[in-house]
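Working notes, beginning with the structure itself.
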Amino acid sequence: MAELLSKHSPFVKTFKAGDKVKGKVLRIEHDRVVLDIGAKSEGIVAEKAFKESSDFVKTLKVGDEVEARVLIPETNEGFTILSFRSASYDATWANIEDSFQKGEELQVVVKTVMPSGLIVDILGLTGFIPTSQIGKELSKDIQQLQGKTLTVRIFDLDYEKRKIILSEKEVSEKEELSKIREAMQQIEIGDVYEGQVVNISDFGCFVQIPVILEKGKDREEVKVEGLVHISQLSWEKVVNPSDFVSIGQTLKVTVIEKRDGKLALSVKQAQEDPWSKALEKYQKDTKVMGVVTKVSEYGVFVQLEKGIEGLVHITKIPPGQKYEIGNEVNVYIEDIDVSARKISLGLVLTSKPLGYK
Numbered sequence: 001m002a003e004l005l006s007k008h009s010p011f012v013k014t015f016k017a018g019d020k021v022k023g024k025v026l027r028i029e030h031d032r033v034v035l036d037i038g039a040k041s042e043g044i045v046a047e048k049a050f051k052e053s054s055d056f057v058k059t060l061k062v063g064d065e066v067e068a069r070v071l072i073p074e075t076n077e078g079f080t081i082l083s084f085r086s087a088s089y090d091a092t093w094a095n096i097e098d099s100f101q102k103g104e105e106l107q108v109v110v111k112t113v114m115p116s117g118l119i120v121d122i123l124g125l126t127g128f129i130p131t132s133q134i135g136k137e138l139s140k141d142i143q144q145l146q147g148k149t150l151t152v153r154i155f156d157l158d159y160e161k162r163k164i165i166l167s168e169k170e171v172s173e174k175e176e177l178s179k180i181r182e183a184m185q186q187i188e189i190g191d192v193y194e195g196q197v198v199n200i201s202d203f204g205c206f207v208q209i210p211v212i213l214e215k216g217k218d219r220e221e222v223k224v225e226g227l228v229h230i231s232q233l234s235w236e237k238v239v240n241p242s243d244f245v246s247i248g249q250t251l252k253v254t255v256i257e258k259r260d261g262k263l264a265l266s267v268k269q270a271q272e273d274p275w276s277k278a279l280e281k282y283q284k285d286t287k288v289m290g291v292v293t294k295v296s297e298y299g300v301f302v303q304l305e306k307g308i309e310g311l312v313h314i315t316k317i318p319p320g321q322k323y324e325i326g327n328e329v330n331v332y333i334e335d336i337d338v339s340a341r342k343i344s345l346g347l348v349l350t351s352k353p354l355g356y357k
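Position one of the sequence shown corresponds to residue 1 (the numbering used here), numbered consecutively onward.
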């Protein structure tokens with residue numbers, strides 16, 4: 001009895017569901033894996049837990065140490081039921097991360113098609129291809145991609161967030177993208193280009209600018225796309241970009257930012273700031289004709305020229321006098337503050353209204 005007791009620890013390991021355990025592979029059978037987990041009985045990965053980790057099980061051999069999670073602490077037969085899900089996930093993630101570092105191409109299967117992109121299966125894990133990362137050819141009808149196998153490259157990874165972002169066009173448009181990246185290196189902030197509007201959205205418009213790549217005696221024009229944000233479309237206030245630009249229109253733009261392979265452009269910066277000469281045109285008491293652009297509870301905004309507006313305060317408007325957007329009004333400059341880009345206006349009255357002081 002003493003000999004038997006000496007072979008066993010007086011402390012028996014106990015587990016609860018969810019515990020992580022480390023074990024050594026004792027046997028790999030056709031429908032289960034048996035582990036030595038240092039307890040009074042063996043640990044078993046079987047049935048559903050075995051099937052969901054079948055690819056991971058193929059990488060194991062007898063004697064390997066592996067981590068598992070407890071599903072059932074003890075069955076009636078005395079076994080501890082385990083799952084390889086976490087270990088399998090980590091092993092798959094390690095393979096994906098390795099492919100990402102090497103820039104390798106991978107095969108994925110499209111599971112769900114959404115307006116924002118494609119949810120795909122990548123080595124048993126879930127990945128996402130944004131619509132912006134789908135090539136032109138496939139973008140023509142993304143609905144037909146359901147169930148299809150695509151070749152992709154990994155665009156971004158985040159283990160903590162379980163995020164795998166993929167790109168199909170990094171494969172299908174590899175040469176074109178390589179030339180665009182080369183062209184991007186030649187573009188400098190402050191450069192001015194003439195580009196063409198290729199798309200319009202609620203937040204601005206996208207403009208393609210031509211960049212010349214030179215290799216020896218060869219010259220090639222590459223089109224690089226950039227965003228003109230709504231705030232950079234005009235010195236005027238822009239509510240709807242479609243009112244200011246149209247598809248195919250040529251615009252002079254200035255490069256104002258380069259970040260993460262994206263280009264920010266400005267129409268405003270390629271033009272003269274109307275406020276730069278405001279003091280020459282609009283000195284105190286100068287009379288000018290303007291157009292009402294906005295009527296508010298505290299007054300009327302009047303455009304003197306594109307990009308320059310002034311306010312006729314409500315206290316300066318005669319009782320009963322009504323204005324609508326588009327009305328022409330005769331005003332004079334009461335005060336101008338170029339640094340604050342503000343002009344206070346007064347109305348030029350041809351007669352003194354009843355009750356107006």
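Beta carbons are placed, not taken as given, at the ideal position from N, Cα and C, and that holds for glycine.
Predicted model, so just to flag it, every value in this text is computed and none were measured.
Determine the DSSP secondary structure at residue i, reduced to helix, strand or coil.
i	result
Leu265	strand
Arg181	helix
Asn95	helix
Pro210	strand
Glu29	coil
Arg341	coil
Glu170	helix
Ser83	strand
Tyr332	strand
Lys136	helix
Ile165	strand
Lys316	helix
Thr286	coil
Using DSSP bridges, identify the partner residues of residue i.
i	result
Arg259	Lys262
Lys294	Phe301
Glu105	Arg153
Tyr193	Val253
At the 7 Å Cβ level, is residue i part of the contact set with chain D, yes or no?
i	result
Ser234	Although the question refers to chain D, the structure presented lacks it and comprises just one protein chain.
With C-beta atoms as the reference, is residue i less than 7 Å away from residue j?
i	j	result
Gln208	Glu225	yes
Glu170	Leu150	no
Phe128	Gly117	yes
Gly326	Glu334	no
Ile154	Leu166	yes
Val21	Ala68	yes
Glu164	Phe203	Glu is not the amino acid found at residue 164; the sequence shown has Ile there. No, Cβ-Cβ distance for Ile164 and Phe203 is not below 7 Å.
Val228	Leu265	yes
Trp235	Val338	no
Phe50	Arg27	no
Which value, in whole angstroms, describes the spacing of the CA atoms of residue i and residue j?
i	j	result
Ser53	Glu77	23 Å
Lys174	Met184	15 Å
Val110	Gly147	5 Å
Gly320	Ile189	52 Å
Ser172	Pro210	22 Å
Pro115	Leu138	14 Å
Asn330	Ile308	15 Å
Val267	Asp98	43 Å
Lys357	Ser344	Since pLDDT at Lys357 reaches only 41, below the 50 mark, its modelled position is unreliable, and no value is offered.
Val302	Arg259	38 Å
Glu47	Lys24	19 Å
Should residue i go down as buried or exposed, given a rule of 16 or more other Cβ atoms within 10 Å for buried?
i	result
Ile72	exposed
Ala94	exposed
Tyr298	exposed
Gly18	exposed
Lys7	Because Lys7 carries a pLDDT of 48, less than 50, the predicted location of this residue cannot be relied on, and the following value inherits that uncertainty. Its Cβ having fewer than 16 others within 10 Å, Lys7 is exposed.
Gly195	buried
Compute every distance between the C-beta of residue i and the non-hydrogen atoms of the ligand NAD, then say whether any falls below 6 Å.
i	result
Asp19	Ligands in the displayed structure: none, and consequently the ligand NAD is not present.
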